[in-house]
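Novice: Input: one structure, supplied below.
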Amino acid sequence: MAKKVRISGLDLPGILLAGIVVLPLLLVFSGWLQPQTEVWQHLAGTILADLIVNTLVLMAGVAGGVLLLGVGLAWLVVMYEFPGRKIFEWALMLPLAMPAYVLAFVAVGMLDFSGPLQTLLRDWFGSSQWFFQIRSTGGVILVMTLVLYPYVYMLARSAFLTQGIRTLEASRSLGMNAGQAFFRVALPLARPAIVAGTSLALMETLADFGAVSVFNYDTFTTAIYKAWFGLFNLQAASQLASLLLILVVFSLGLESRLRGRRRYHESGALAGSSRSQLHGWSKWLATGLAGVVLLLAFVIPVIQLLIWSFEVIDLELDSRYLDLLWHTLLLGVGASLLAVIAATVLSIAGHPKPKPVNRLSARLATLGYAMPGSVLAVGIIFSVTAIDNVIHSVSRLWGNESSGLIVSGSVLALLMAYLVRFLAVAYGPVETGLQRIKPGLLEAARSLGCHSGGLLRRIYLPMLRPGLLTALLLVMVDVMKEMPITLLLRPFGWDTLAVRIYEMTSEGEWQRAALPAVTLLILGLLPVILLVMKSRQKESKG
Amino acid sequence: MQSFFLRFCLLLLLSLPVVNAFADPLVVYSARKEHLIKPLFDLYSEKTGQEIRYITDKAAPLLARLKAEGNNSPADILMTVDAGNLWHAAEQGVLAEIDSALLQDNVPAHLRDRQNRWFGVSIRARTLVYSTQRVKAEELSTYEDLADPKWKGRLCLRTSKKVYNQSLVAMMIAELGEEKAEEIVRGWVANLAAPPFSNDTKAMQAVAAGQCDVTIVNTYYFGRLLEDQPDIGLALFWPNQNDRGVHVNISGAAVTAASKKADQAKALLEWLTSAEAQQIIAGLNMEYPINTQYPVDPRVSSWGDFKADDADIAKAGALQAQAVMLMDRAGYR
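These protein sequence lines map, in sequence, to chains A and B.
With this note's numbering, letter number 440 in the first sequence gets 440, and the count goes up by one each step, no holes.
The number in this note's numbering is simply the position in the second sequence, starting from 1, with 1000 added.
Put into structure tokens, the structure is as follows:
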């Protein structure tokens, strides 16, 4: 029997979403229509090899770092009892609110040769040559890791919690020791969550330009901007960006092939209170480790930002800050709602048995996260001006000479860009949540006469609620931190805190950037704290 | 009747943007930061009643947006720093020619486009800053001299990715030829005491902290740093006084080809080069007035007079790509 490709009405929204994401990406790919031999020859002959090595080293370092910190800390707070555990459990999520470019400029400002710390060391010891060189490969990896580990931590922690201590107790009773239980039971079970978190972190690393440019660390993204800003060759920049995208598609494909067709339906039983108590030096070691991470990733940078803000507050603070705050918040809420609705539509369409068309639209619709923001923004501009031109020609039929630009330069274009960029962030938690809904439950509901609308209302939404909320809050934080897309696509007067930070840092006035940075951080903490409260609620219910 | 009403409503809806076009304010796409342009625009609006709207971003994305929007672009004026950016905008065909005797009068010929598509609005000088403790002014002479082995381990530079350095090297190519320029850049790289910095201020702080002895920066960054820390132990040096002079660049402005309000836009440009606006520009960011007859800010004049390079600044744009590639070859990150 020949296999037919069936597309039902339910698949259409997913296909449409994939289209919205793919259109700007295709426009970026269209850069290949004009070969840029000269630029390619130049790059290949000079810096390209170094850039690729740099990028791979950075990716490997960040992957190692976020896995170590994210999984390690999650395991620690879920399985063991140590002084301060209750605080660390939620506080370790706080660095989510820290934009990478902010931690980068704080770290370089504090730790570089001319910074306060090394100056102090020179005063004491006469030399600081032996001190850790922050503007180095190690420094970039450290900063990116500290900013990005919470993605892994958060997802791994909730995976460990939902596995249930009972699964692990069972494995222990079968004679495994703690290490074996971790590597042979807990880790494989948590793999989808850990992979989801790590790939978010890596995609963010690939697309990052703000943080690496503070370090003057050259990655593949640097080449994209060099081709564009330095050689004024947007085509070559698009070609480079599309290569980056192909790399991401390839690695995601590889991972899902490795994972195979295994599905994970978890018991849903939440951890009880049977954490093992750590004793003696090991309990203080645990506290120390968690404490150091929190200090480096959050506490110290925040204190430094507050000190700088205090120095410039008279100069900086005025009534505009209310507008900046309001715009930041509005865009964050609007874009995250949009992204979560889109992610839900996308993932439910293929549940519980995804057809190839569902898989493909989901894969395509979540590609935007790996594209550097500025390049994506240009792709969006091309798409919206194309839409505008259509509107333009239609309005001509009505006898209007010029309708100007309607979509471009509007909030709509900006929200669309955020959707394209951050759909992947929303999709992860929703999809993970969906995997916990066992097909049997749906069959039972159907046999009881429950159909599409009812299924959505009675099964999907209630069961997905934690995932939806996580998705909402994650996207909100990301949108509020986002800089390049906001810069290029914001409508007149829609300045946000990130825009203000850009205006200051691009002029090297890092101190003056501290006030908007700290404000952004506080604003970003709101969703993070909501996330934290949510995760605690879940725990107490279990 | 009903269908007529419906059509009327639709027409009204579709014509909304057109009606707006008449009352629309001037729209500026600016790569200059808000705090450097807002005071100017506020004053202009107050004086003339002309409302001005603006968005700020980097030059290249703004240019890409301008180009994508084409004839429908709402932008009337493009403001950027560095002649290179303006030269590229002109090349892409998004700028209009402006016929203004006033602008030609106020802006020196080498600091504006030959075809009158863009004009300098302020002058910025890129010069040497050195440690007064470890360097005597007599030891310094030219940009080229910083490639001499005597500066080994004593030089700090900002990244080659910044357009200011790209223009500096482009003008060196124009003056000395590509081969000689590359030799000099290689010499600089060999003399570096630390990897290139992400901005001028950091490079100067490194000199002050003793990581290196001399760097190349725009003067207003030096001015700002000095305001914060008057005793930082740094001083300015004007290089190449016996040959081509100090490398200067501009911040500039242009009227877009898409502008439907070219006359109003031109009027704003003309005002920006007037004595009144120039005084504000010079004061806001400690830059030099575009018309050398206007007074310099007192803080700036204390740094002394200098001979500036008077080569056609458009070359910075034409040679920018060549300069970027040269710096890549030389290993200048």
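Think of the CB as a built atom: it goes at the ideal place given N, C-alpha and C, for glycine as much as any other residue.
Note that the coordinates shown come from a computational prediction; the quantities given were computed from them, not determined experimentally.
1. Below 8 Å between beta carbons: does that hold for Ile977 (chain B) and Ile1216 (chain B)?
2. 8 Å is my cut-off, CB to CB: does Pro1230 (chain B) come that close to chain A?
3. Where does Arg275 (chain A) fall in DSSP's three states?
4. Residues in the same chain with beta-carbon distance under 7 Å from Gln235 (chain A), minus the five sequence neighbours each way, listed in chain order, please.
5. Under 8 Å, Cβ to Cβ, is there at least one residue of chain A near Asp1328 (chain B)?
6. Here's a check: name, in chain order, each residue in its chain whose Cβ is nearer than 7 Å to the Cβ of Lys1266 (chain B), leaving out the five neighbours to either side.
7. How about Val1019 (chain B): is its C-beta nearer than 8 Å to some C-beta of chain A?
8. Note down the Cα distance separating Val312 (chain A) from Phe1197 (chain B), rounded to an integer number of angstroms.
9. Counting only beta-carbon separations shorter than 8 Å, does Phe1004 (chain B) have a partner in chain A?
10. Alpha carbon to alpha carbon, how far is Pro13 (chain A) from Asp1042 (chain B)?
11. Suppose only complete runs of 4+ residues qualify. What are the alpha helix (DSSP H) ranges in the stretch 1017–1059 of chain B, listed by chain order?
12. Straight-line CA distance for Val293 (chain A) to Tyr369 (chain A)?
13. Roughly how many angstroms lie between the CA atoms of Asp1082 (chain B) and Ser506 (chain A), to the nearest whole one?
14. Thinking C-beta only, is Val477 (chain A) closer than 8 Å to Leu487 (chain A)?
15. Short of 6 Å in beta carbon distance, which residues of its chain neighbour Val1324 (chain B), apart from the five on each side in sequence? Order them along the chain.
16. Report the residues of the stretch 1203–1231 of chain B with a CB closer than 7 Å to any CB of chain A, ordered along the chain.
17. Any idea what DSSP makes of Pro192 (chain A), helix, strand or coil?
18. Between Phe1022 (chain B) and chain A, is any beta-carbon pair separated by less than 8 Å?
19. Using a Cβ-Cβ distance under 8 Å, would His279 (chain A) count as near chain B?
20. How would you call Leu397 (chain A), buried or exposed, if buried means at least 16 neighbouring beta carbons within 10 angstroms?
21. Excluding the five sequence neighbours on either side, which residues of its own chain have a C-beta within less than 8 Å of the C-beta of Arg1224 (chain B), listed in chain order?
22. Does DSSP put His1247 (chain B) in a helix, a strand or coil?
23. Is there a C-beta anywhere in chain A that falls below 8 Å from the one on Lys1033 (chain B)?
24. Suppose contacts are defined by Cβ-Cβ distances below 8 Å. Is Ala181 (chain A) in contact with Leu168 (chain A) by that definition?
25. Taking Cβ to Cβ, would you say Asn216 (chain A) is nearer than 8 Å to Thr1132 (chain B)?
26. Output the distance between the C-alpha atoms of Gly548 (chain A) and Asp1076 (chain B), rounded to the nearest integer angstrom.
27. So, are the CB atoms of Leu240 (chain A) and Asp495 (chain A) less than 8 Å apart?
28. Excluding the 5 residues preceding and the 5 following Ala1174 (chain B) in the sequence, name in chain order all residues of the same chain whose CB lies nearer than 7 Å to its CB.
29. Please classify Pro372 (chain A): does DSSP put it in a helix, a strand, or coil?
30. Quick check: is the beta carbon of Val312 (chain A) nearer than 8 Å to any beta carbon in chain B?
31. With 8 Å set as the bound, which would you pick, yes or no: does the beta-carbon of Pro1195 (chain B) sit closer than that to a beta-carbon of chain A?
32. Give me the Cα-Cα distance between Arg361 (chain A) and Leu23 (chain A), rounded to the nearest whole angstrom.
33. With 8 Å as the threshold, decide whether the Cβ of His1247 (chain B) is near any Cβ in chain A.
34. List, in order along the chain, the chain A residues whose C-beta lies closer than 7 Å to that of Met1325 (chain B)?
35. With Asn1085 (chain B) as the anchor, note down where its alpha helix (DSSP H) starts and where it stops.
Specialist: In short, the structure shows the following:
1. There is no way to answer for residue 977 (chain B), as the model of chain B reaches only from 1001 to 1333.
2. No, Pro1230 (chain B) does not count as interfacial toward chain A.
3. Looking at Arg275 (chain A) - three-state DSSP - the assignment turns out to be coil, as it is neither helix nor strand.
4. For Gln235 (chain A), where only same-chain residues beyond five positions count, the Cβ hits under 7 Å are Gly31, Gln34, Gln36.
5. Yes - at least one Cβ of chain A is within 8 Å of the one on Asp1328 (chain B).
6. Closer than 7 Å at the Cβ level, and outside the excluded window around Lys1266 (chain B), lie Ile1098, Ser1100, Val1255.
7. For Val1019 (chain B), the predicted structure reports a pLDDT of 38, less than 50, and the residue's modelled location is therefore unreliable. The matter cannot be settled from this model.
8. Answer to the nearest angstrom: the Cα atoms are 24 Å apart.
9. Bear in mind that the predicted position of Phe1004 (chain B) carries a pLDDT of just 46, short of 50, making it unreliable; the figure below should be weighed with that in mind. For Phe1004 (chain B), the answer is no, since every Cβ of chain A falls outside 8 Å of its Cβ.
10. Answer to the nearest angstrom: the Cα atoms are 47 Å apart.
11. Runs of the alpha helix (DSSP H) inside the stretch 1017–1059 of chain B: 1034–1048.
12. Taking the straight line joining both Cα atoms gives about 26 Å.
13. If I take the Cα positions, the gap works out to 15 Å.
14. No; because the gap between Cβ atoms is not below 8 Å, this pair is not in contact.
15. Answer for Val1324 (chain B): Gln1166, listed in chain order.
16. Within the stretch 1203–1231 of chain B, the residues whose Cβ lies closer than 7 Å to some Cβ of chain A are Gln1205, Ala1206, Ala1208, Ala1209, Gln1211, Tyr1221, listed in chain order.
17. When DSSP states are grouped into helix, strand and coil, Pro192 (chain A) belongs to the helix group.
18. Caution applies to Phe1022 (chain B), whose pLDDT of 44 falls short of 50 and renders its modelled position unreliable; the value that the coordinates give is listed next. Taking CB atoms only, Phe1022 (chain B) has no neighbour in chain A less than 8 Å away.
19. No, His279 (chain A) does not count as interfacial toward chain B.
20. By the 10 Å Cβ count, Leu397 (chain A) comes out exposed.
21. Answer for Arg1224 (chain B): Thr1201, Met1286, listed in chain order.
22. Strand at His1247 (chain B).
23. At least one beta carbon of chain A lies nearer than 8 Å to the beta carbon of Lys1033 (chain B).
24. Closer than 8 Å, so yes.
25. Remark: C-beta atoms of Asn216 (chain A) and Thr1132 (chain B) do not approach each other more closely than 8 Å.
26. There is simply no residue 548 (chain A) to check, as chain A begins at 1 and stops at 542 in what is shown.
27. No, Cβ-Cβ distance for Leu240 (chain A) and Asp495 (chain A) is not below 8 Å.
28. Answer for Ala1174 (chain B): Ala1311, Lys1315, Leu1319, listed in chain order.
29. The three-state secondary structure of Pro372 (chain A), taken from DSSP, is coil.
30. Taking Cβ atoms only, chain B never reaches closer than 8 Å to Val312 (chain A), which makes this a no.
31. Cβ-Cβ to chain A under 8 Å: yes for Pro1195 (chain B).
32. The sequence shown places Ser at residue 361 (chain A), not Arg. Cα-Cα distance, rounded: 13 Å.
33. So, not an interface residue.
34. Correct list: His42.
35. For Asn1085 (chain B), the enclosing alpha helix (DSSP H) covers residues 1083–1091.
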